[in-house]
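Using this note's numbering, you'd call the opening residue of the sequence shown number 21 and step up by one each time. For each residue, glycine too, the CB sits at the ideal point set by N, CA and C. Predicted, not measured: the structure shown is a model, and the values here were computed from it.
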Amino acid sequence: MPLTTSETKEKMKTEAELRQLSLDLIQSNKLLKAEVAERKRVEAEILEVTLAEQRRFGSQLHDGLCQELTAILVFSKALAEKMEKNNTLELAELKKISNMLLYAVDQARDTARGLYPGELEGESLMYSLEELVSRTTGALCVFHCPEPILIDDNNIATHLYRIVQEGISNAIKHGKAKNIEVSLTRNKEIITLSIKDDGIGMMDDLKDSKGIGLKIMKYRAHMMNASFHIKPNLPQGSLLECHLKRPANQRSVV
Ligand SMILES: Nc1ncnc2c1ncn2[C@@H]1O[C@H](COP(=O)(O)OP(=O)(O)O)[C@@H](O)[C@H]1O
Ligand SMILES: [Mg+2]
């Protein structure tokens, strides 16, 4: 039996809706596939970054602290033999050992801080950044934080701290900067972390860079849902900026 006009219209409408539905499904499927691929890529990157960080700390321990301790061991053994043989007390030499140990303890503390900077939530981040900046050697480093910024999420505070650590180290190591300014500021709902240096500036092409610092910083920004970019600082050097939407649980100071 032939369809009535309204039935035909209804049928066409249903067919159109079905077509649209299947187009929507294809589109959702594509998005899902892209999402899965992106997650896989990020997972692989996390693994790479984790391993690279472990290697870095491993070599820091091996090349720094272990060498230092070995030197102290050799020195103290030789001194013990000398004192035994001559039946003397070498006070000046013993003082040398205590100075060497002091230096080794500093190194151990630095490495430990690199591995675990401590709980940084609340006010701690500001104080820890101030401290990090003040014990920076190799360039004049200042911290600018015109108003208190408290971050209640320890993960976010730790990401920000680590970005500053790497940013300062890059400015000195790669940029050969003489002056570095770290700032933590807030404008309404946006918190901005910036690291400005007056060094040689970034090379245009970093495709072949074997470094992992920038990757880790980008990954940290991604984990905080923050933006991350590095641009030339005028008149010279680099400017790293990280904009973070103020987390919902971030307290303001009254
Ligand atoms: N502040 C900076 N000034 C100049 N160049 C920089 C700076 N930060 C990074 N770079 C460049 O980016 C490259 C990659 O940095 P990074 O990923 O941190 O490497 P690494 O892990 O060796 O420190 C460096 O080799 C350097 O060329
Ligand atoms: Mg680096």
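Between A197, L254, S189, H164, which has its C-alpha nearest G233's C-alpha?
S189
Enumerate in chain order the residues of its own chain whose CB-to-CB distance from Q256 is below 7 Å, with the five nearest sequence positions on each side excluded.
Same-chain partners within the cutoff: D218, G221.
Alpha carbon to alpha carbon, how far is V202 from S144? Give it in angstroms, no decimals.
16 Å
Is D217 near ligand 1 - that is, is its Cβ less than 8 Å away from at least one heavy atom of it?
yes
Is DSSP giving N190 helix, strand or coil here?
helix
Ignore the nearest five residues each way along the sequence and tell me which others in E261's own chain have a CB closer than 7 Å to its CB.
T212, S214, H249
Indicate, with yes or no, if ligand 1 has a heavy atom lying under 8 Å from the CB of N278.
Past the boundaries of the shown model lies residue 278; the chain is included only from 21 to 274, so the question cannot be answered.
Any idea what DSSP makes of L81, helix, strand or coil?
helix
Just tell me which of K265, R182, S48 has its CA closest to the CA of I236.
R182
Which residues mark the beginning and the end of the alpha helix (DSSP H) in which K102 is found?
Per DSSP, K102 belongs to the alpha helix (DSSP H) from 87-106.
Work out the CA separation of D172 and S272 for me, nearest whole Å.
In this prediction, S272 has a pLDDT of 45, which is less than 50 and means its spatial position is unreliable; what the coordinates show is noted afterwards. Looking at the two C-alpha atoms, the distance is approximately 10 Å.
With distance defined between alpha-carbon atoms, name the residue in L259, T24, A124 nearest to A91.
A124
M103 and E110 look like a contact to me (Cβ under 8 Å); what is the Cβ gap, rounded to whole Å?
6 Å
Only counting the same chain, and skipping five residues up and downstream in sequence, which positions put a Cβ closer than 7 Å to that of E141?
I171, D172, D173, N174, A177
Whole beta strand (DSSP E) runs in the region 212-258 with 3 or more residues, listed along the chain?
Listed in chain order, they are 247-252.
Less than 7 Å between C-beta atoms, sequence neighbours within five positions excluded: which residues of the same chain meet that for A197?
A159, A191, D217, D218, G219, G257
Under 8 Å: does the beta carbon of H194 sit that close to some heavy atom of ligand 2?
yes
Here's a check: name, in chain order, each residue in its chain whose Cβ is nearer than 6 Å to the Cβ of L204, leaving out the five neighbours to either side.
Beyond the five residues adjoining it in sequence on each side, L204 comes within less than 6 Å, by CB distance, of C165, I169, L213 in the same chain, given in chain order.
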